[in-house]
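Here's the structure we're looking at; comments come further down.
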Amino acid sequence: MSETISFPEMSNDPEAEGVVATWFAQTGETVKAGQVIAEVMVDKVSVDVEAPIDGVITCLVEEEGTAKQGQEIARID
3 MSETISFPEM
13 SNDPEAEGVV
23 ATWFAQTGET
33 VKAGQVIAEV
43 MVDKVSVDVE
53 APIDGVITCL
63 VEEEGTAKQG
73 QEIARID
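Numbering-wise (the working numbering), the sequence shown opens with residue 3 and increments by one.
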């Protein structure tokens, strides 16, 4: 089973972009549900992103890369 990880909704502006500030897990790494896998930022506000399921992560947005809210940033298989 595959699970999509999306950039969280952190702004009222639907077109707002943020930054994947830090990846705490790398592509190919096994992660556990609840493990913090990334820190994302929008307008100087940061949020930790947790893995929703156990599995192997594939990061789709590079560290310091930008993404729109709701955009897929990683996948766990």
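For every residue, glycine included, the Cβ atom is placed at its ideal position computed from N, Cα and C.
- Query: Considering only C-alpha positions, which residue in the set I39, T24, M43 and W25 is nearest to D56?
  - Reply: Sequence index remark: in the sequence shown, residue 56 carries index 54 (1-based). The shortest C-alpha separation from D56 is found at I39.
- In whole angstroms, what is the alpha-carbon distance linking T68 and G36? To locate residue 68, count along the sequence shown from 1; it is residue 66. To locate residue 36, count along the sequence shown from 1; it is residue 34. Note on geometry: alpha-carbon atoms of T68 and G36 lie some 23 Å from one another.
- Task: Give the straight-line distance between the Cα atoms of Q71 and F9, rounded to the nearest whole angstrom.
- Result: If you number the sequence shown from 1, residue 71 lands on position 69. If you number the sequence shown from 1, residue 9 lands on position 7. Roughly 5 Å between the two C-alpha positions.
- Should V42 go down as buried or exposed, given a rule of 16 or more other Cβ atoms within 10 Å for buried? Counting from 1 along the sequence shown, the entry for residue 42 is found at position 40. Classification of V42: buried, given that the 10 Å Cβ count is 16 or more.
- Would you say V63 and M12 are within 7 Å of each other, going by their C-beta atoms? Residue numbering aside, residue 63 sits at position 61 when the sequence shown is read from its first letter. Residue numbering aside, residue 12 sits at position 10 when the sequence shown is read from its first letter. Taking 7 Å as the Cβ cut-off, V63 and M12 do not qualify as a contacting pair.
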